[in-house]
Ligand SMILES: [Zn+2]
């Protein structure tokens, strides 16, 4: 390989490089050069390569320490927040548990006489309840029907009370209103559909006026903490009856209205 000798464009010292090298460095002034071949003349032009000045390590170490320190600080703040919100949550859960326990204890303390005082224990009196209240409730509940679709894509077009069933036995009673509901399921883009929705109100007391406060208890229902009732619909009246009313038949006196 042919060795080329040139003068360093920077300091003038002798600079040697191989014919095929693409770059070289002056051993005196340590500048680096890109070697450009000048065509036929076989001359070589040295173009200085801009070299980033070496930076003192302190410039890296200081920001590094700052970043690590900051991350450490954030981690601690975050852990603290997570922990405190978790503690807060646990505290609330505990408070709720205690509240429910206290309520249950108070309920248990109530004598049967007192319970009876509150409950409608007469089948005629129960029959005279204002069922329209149930009707109003039903619209709201059906709009929230669980297992159907979301509130926004499920719209009740028409509701009609098919029948109110009174399931009655001493010290315990049910009002079951079965509604025929026409609805549009916008989510699935279906045409108008019909479902039969039974709403079950258990242990109806004399002193309540809003059925929101009634315990709703049937396999098809649940009653959540915000006191919203969710109801399932059945495709036929018979299905609704068989699933909700039938199980009560052996123990309760069933009348229809
Ligand atoms: Zn040089």
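In this note's numbering, the protein residues as written are 25 to 281.
From the three backbone atoms N, C-alpha and C, an ideal C-beta is built for every residue, glycine too.
In this text, all values refer to a predicted model and were calculated from it rather than measured experimentally.
1) Is residue 71 near ligand 1, in the sense that its beta carbon is under 6 Å from a heavy atom of that ligand?
2) On a CA-only basis, which of 221, 108, 40 is nearest residue 28? Give me that one, please.
3) With respect to the alpha helix (DSSP H) encompassing residue 151, which residues constitute its N-terminal and C-terminal limits?
4) Using DSSP bridges, identify the partner residues of residue 223.
5) According to DSSP, which residues form a beta bridge with residue 143?
6) Quick check on the burial criterion: 16 or more other C-beta atoms within 10 angstroms. Buried or exposed for residue 172?
7) Beta-carbon within less than 6 Å of residue 277's beta-carbon, same chain only, minus the 5 sequence neighbours each way: which residues are those?
8) List in chain order the residues whose CB is within less than 5 Å of at least one heavy atom of ligand 2.
9) Around the C-beta of residue 123, are 16 or more other C-beta atoms found within 10 angstroms, so that it is buried, or is it exposed?
10) Can you list, in chain order, the residues of its chain with a C-beta nearer than 8 Å to that of residue 260? Leave out the 5 residues immediately preceding and following it.
11) Around the Cβ of residue 207, are there at least 16 other Cβ atoms within 10 angstroms (buried) or fewer (exposed)?
12) Answer yes or no: do residue 200 and residue 264 have a C-beta to C-beta separation smaller than 7 Å?
13) Going by DSSP in three states, residue 107 sits in which element: helix, strand or coil?
This is what the structure holds:
1) By 1-based counting over the chain shown, the position of residue 71 is 47. Not so, every heavy atom of ligand 1 lies at least 6 Å from the Cβ.
2) For the purposes of this step, residue 28 is identified with residue 4 of the chain shown, where counting begins at 1. Checked all of 221, 108, 40; the closest Cα to residue 28 is 40.
3) On the chain shown, position 127 is the one that residue 151 refers to. Taken as a continuous stretch (DSSP letters only), the alpha helix (DSSP H) holding residue 151 covers 147 to 151.
4) Here residue 223 corresponds to residue number 199 of the chain shown, with the count starting at 1. Looking at the DSSP assignment, residue 223 forms a beta bridge with 201.
5) Walking along the chain shown from the start, residue 143 turns up at place 119. Partner(s): 229.
6) The sequence position of residue 172 within the chain shown is 148, counting from 1. For residue 172, the predicted model reports a pLDDT of 47, less than 50, meaning its position is unreliable; a value from the coordinates is still stated below. Residue 172 should be labelled buried.
7) On the chain shown, residue 277 is found 253 positions in, with the first residue counted as 1. Contacts found: 192.
8) In terms of ligand content, the structure shown lacks ligand 2 and carries ligand 1 instead.
9) Within the chain shown, numbered from 1, the residue matching residue 123 stands at position 99. That one is exposed.
10) Position 236 of the chain shown, counted from the start, is the residue given in the question as residue 260. Apart from the 5 residues on each side of it in sequence, residue 260 sits with its Cβ closer than 8 Å to the Cβ of 220 in its chain, given in chain order.
11) On the chain shown, residue 207 is found 183 positions in, with the first residue counted as 1. Counting C-beta atoms within 10 angstroms of its own C-beta, residue 207 has 16 or more neighbours from the protein chains shown and is therefore classed as buried.
12) Residue numbering aside, residue 200 sits at position 176 when the chain shown is read from its first letter. Residue numbering aside, residue 264 sits at position 240 when the chain shown is read from its first letter. Between residue 200 and residue 264, the C-beta gap is not smaller than 7 Å, which leaves the two residues out of contact.
13) For the purposes of this step, residue 107 is taken as residue 83 along the chain shown, with counting starting at 1. Collapsing the DSSP output to three states places residue 107 in a helix.
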